[in-house]
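S.K.: Quick one: this structure, given as C-alpha cells, is what I'll be asking you about.
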Amino acid sequence: MAKPRSEFTRLSRPRSGLGTYSSLWRGSDYLLVVSSTGFNESYQRFYFKDIKGFIVTESKRYFYYNVGSAILLMLFSLPLVGKLASGMPLGLALGETIPMMFFVIPAFLVLVVNLIKGPSCKVAIATGLQTPELRPVGRKRAWRKILAKIDGPIREAQANLVTISPSAPAESSGSPSM
Amino acid sequence: MTPSSLERIHCPKCSKPLDPTSHDGGNEATCIFCQQKMQLITYPALEAESASPKPTAAKVEAGATCFYHDENEAVHTCSHCGRYLCSVCGIEETAGVTCPSCISTQRASSTETVSSRILYDRLVLGLAFLPLLIWPFTIVTAPIAVGVGIYGWRRPRSLVSPGRIRMVIGMVFAVIQVGIWAFFLGAQILS
C-alpha cells in the first residue's frame, strides 16, 4: 500500500497551548494553520495573495521561562548543595536527594531547551480583514527560517499587484530584514 | 512601505490602526495607543488595496443571467454544476470558478475548503491504548475501537498527516484485546 502523501510542507513544529496544539504548514498557494485537540483538527488558511504583512513583537516568555526554571532549579538543588557543603561525599549526597532529582532534572531541561530555542516573539499576520496571531510561531529563530521559506512565494503571488499600484515603492519588494 | 499605508495595519495588541507617525522610516513602528513596538514585514498587497477591484455585476434585461441574481449578467460558468454566475457569485479556485452551492457541497471533502476534521485514526489509537490504564474497561473500549476503525477507514483523514498507520496499529491492538477477552470469557463459561 503506497503511503498517502500530504500536499503540505511543514513550516513549524507543533506548539502546545491550553489543551490544544497548533502547527504551520505551506499549501500550494496558502499558509495553513492547523489547530488540534488530539482527536480533531481545525484549519485556518491565509492565501499568499491576501497577506499584507507580518507584525513581529517582542515576547517576555523567553525571560519568564529562564527566570522560572532557574529559580526552581536553585530551590530544588538547595538540599544537595547543603549536604555537599556539610562535607557529605557526592555519591551519598546524591543518593539522599534522589527524590529532588525528579524536580531538578525537568527544571534543568526546561532551562536548557529554552536557551537553545532562543528569544521568543509573537507573530501576527496582517490581512485585509483581520490581524490574527500566528500561534505556531513563538521563537525568533524559527520565525526567520519560516520567513525565508514563505517570503518568495508570497511576493510571487502578489507580483501582479505591484503593477496595479503605481504608489508601491521599490522597497516593498526587497528582501525582508529582522 | 509608505507611512500612509500603515493605517491599513492594525496593532496586534490593541487592535487599533497604526498611525503614520508611528513609523520610524525603516521596518519598525510603535503603536501610539498601547506603545507596543513592532517589526513590520510588508508585501505589495498592503499598498495595492485601494487599487483592488470590488466585484460588481452589470444589470441586463435579457440574455444570459446569473442563476442566483436574475438581473445580473452571467460572466462565469460553475466548473462543477454548470450554473451561470455573475461576477459577484463566481468564486475563483485553483481548478476554475465555482458557485456558492458547490462550495458548500464540496466543503467537507476539498482540501481547499474544509474547516475541520475528526481524526479517526487517533481516536482508534486512543481507544485502544488509553483504557489500559484501567484495563477492565478494555472489555468495552476495544470493540468500540474496532467499530470506530471500521467506520472511519474510508472517512476523510487529516490534511497534513493522511497516513493510516495509527489506524492500523490501533485496530490490530484492539482486535488483540477483543481476542484475549473472548478467550478469557470463553474459558470461564466452559469451566
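For the record, the sequence lines run as chains A and B.
The first sequence: position 29 = 10 (the numbering used here), numbered continuously.
If you want the numbering used here, it's the 1-based position in the second sequence plus 269.
In this text, a Cβ means the ideal position worked out from N, Cα and C, and glycines have one as well.
Rounded to whole angstroms, what is the Cα-Cα separation between A/V94 and B/P431?
M.R.: Between A/V94 and B/P431, the C-alpha separation is close to 30 Å.
S.K.: Give the single residue among A/G109, A/S101 and A/N141 whose Cα lies nearest to the Cα of A/T38.
M.R.: Closest option to A/T38, Cα to Cα, is A/S101.
S.K.: Name the DSSP bridge partner or partners of A/F27?
M.R.: Partner(s): A/L12.
S.K.: Roughly how many angstroms separate the alpha carbons of A/M82 and A/L59, rounded to a whole number?
M.R.: Approximately 11 Å, taken between the alpha carbons.
S.K.: Please check if any C-beta of chain B sits within less than 8 Å of the C-beta of A/Y24.
M.R.: With 8 Å as the cut-off, A/Y24 counts as an interface residue toward chain B.
S.K.: Any idea which residues DSSP pairs A/I36 with across the strands?
M.R.: DSSP lists A/A105 and B/L309 as partners of A/I36.
S.K.: My guess is that B/A343 and B/C355 are in contact by the Cβ rule of under 8 Å, so how many angstroms apart are they, rounded?
M.R.: About 6 Å; that satisfies the 8 Å criterion.
S.K.: Taking DSSP as the reference, what is the three-state secondary structure of A/A74?
M.R.: The answer is helix: DSSP assigns A/A74 an H, G or I state.
S.K.: Since B/R426 and B/R391 are thought to touch, with beta carbons under 8 Å apart, how far apart are those beta carbons, to the nearest angstrom?
M.R.: With a Cβ gap of about 10 Å, B/R426 and B/R391 do not count as contacting.
S.K.: Less than 7 Å separating the Cβ of B/G455 from some heavy atom of the ligand PLP?
M.R.: Ligands are entirely absent from the displayed structure, and the ligand PLP is therefore not among its contents.
S.K.: Taking 8 Å as the CB-CB cut-off, is A/A149 touching chain B?
M.R.: For A/A149, the predicted structure reports a pLDDT of 45, less than 50, and the residue's modelled location is therefore unreliable. The matter cannot be settled from this model.
S.K.: Can a CB atom of chain A be found closer than 8 Å to the CB of B/Y312?
M.R.: Closer than 8 Å: yes.
S.K.: Are any of the Cβ atoms in chain B nearer than 8 Å to that of A/T112?
M.R.: So yes, A/T112 belongs to the interface.
S.K.: Helix, strand or coil for B/A326, going by three-state DSSP, please let me know.
M.R.: Note: B/A326 maps to coil in three-state DSSP.
S.K.: What residues in its chain sit with their C-beta under 8 Å from that of A/Y11, if we drop five residues either side in the sequence?
M.R.: Contacts found: R26, F27, Y28 and F29.
S.K.: Could you check if A/L128 is buried or exposed, using at least 16 other CB atoms within 10 Å of its CB as the buried criterion?
M.R.: By the neighbour-count rule (16 or more Cβ atoms within 10 Å), A/L128 is buried.
S.K.: Quick check: B/C368 and B/F336, are their CB atoms within less than 8 Å of each other?
M.R.: Result yes, Cβ atoms of B/C368 and B/F336 sit closer than 8 Å.
S.K.: So that I know if they touch, is there some Cβ in chain A lying closer than 8 Å to that of B/R423?
M.R.: Closer than 8 Å: no.
S.K.: Quick one: measure Cβ to Cβ for B/V366 and B/H345, integer angstroms, because I've assumed they're closer than 8 Å.
M.R.: With a Cβ gap of about 4 Å, B/V366 and B/H345 count as contacting.
S.K.: By a C-beta neighbour count over all protein chains shown, 10 Å radius and 16 as the cutoff for buried, is A/S4 buried or exposed?
M.R.: Burial call: buried.
S.K.: Per DSSP, which residues does B/V366 bridge with? Please list them.
M.R.: B/V366 is bridged to B/E361.
S.K.: List, in chain order, every chain A residue whose beta-carbon is nearer than 8 Å to that of B/I278.
M.R.: Under the 8 Å cutoff, chain A gives K33, G34, I36, A107 and T112.
S.K.: Taking A/L54 as part of the beta strand (DSSP E), name the residues at either end of that continuous run.
M.R.: Note, A/L54: premise wrong, no beta strand (DSSP E); alpha helix (DSSP H) at R42 to A66.
S.K.: Output the distance between the C-alpha atoms of A/G0 and A/T18, rounded to the nearest integer angstrom.
M.R.: If I take the Cα positions, the gap works out to 6 Å.
S.K.: If we count the other Cβ atoms within 10 Å of its Cβ and call it buried at 16 or more, is B/Y312 buried or exposed?
M.R.: Counting Cβ neighbours within 10 Å, B/Y312 comes out buried, since at least 16 surround it.
S.K.: Hey, would you say B/E381 sits closer than 8 Å to B/E362, going by beta carbons?
M.R.: Contact flag set, yes.
S.K.: What's the call for A/L90, buried or exposed, on a 16-neighbour Cβ count within 10 Å?
M.R.: Exposed, because fewer than 16 other Cβ atoms sit within 10 Å of the Cβ of A/L90.
S.K.: Hey, is B/V454's beta-carbon within less than 8 Å of any beta-carbon in chain A?
M.R.: According to the sequence shown, residue 454 of chain B is Leu rather than Val. For B/L454, the answer is no, since every Cβ of chain A falls outside 8 Å of its Cβ.
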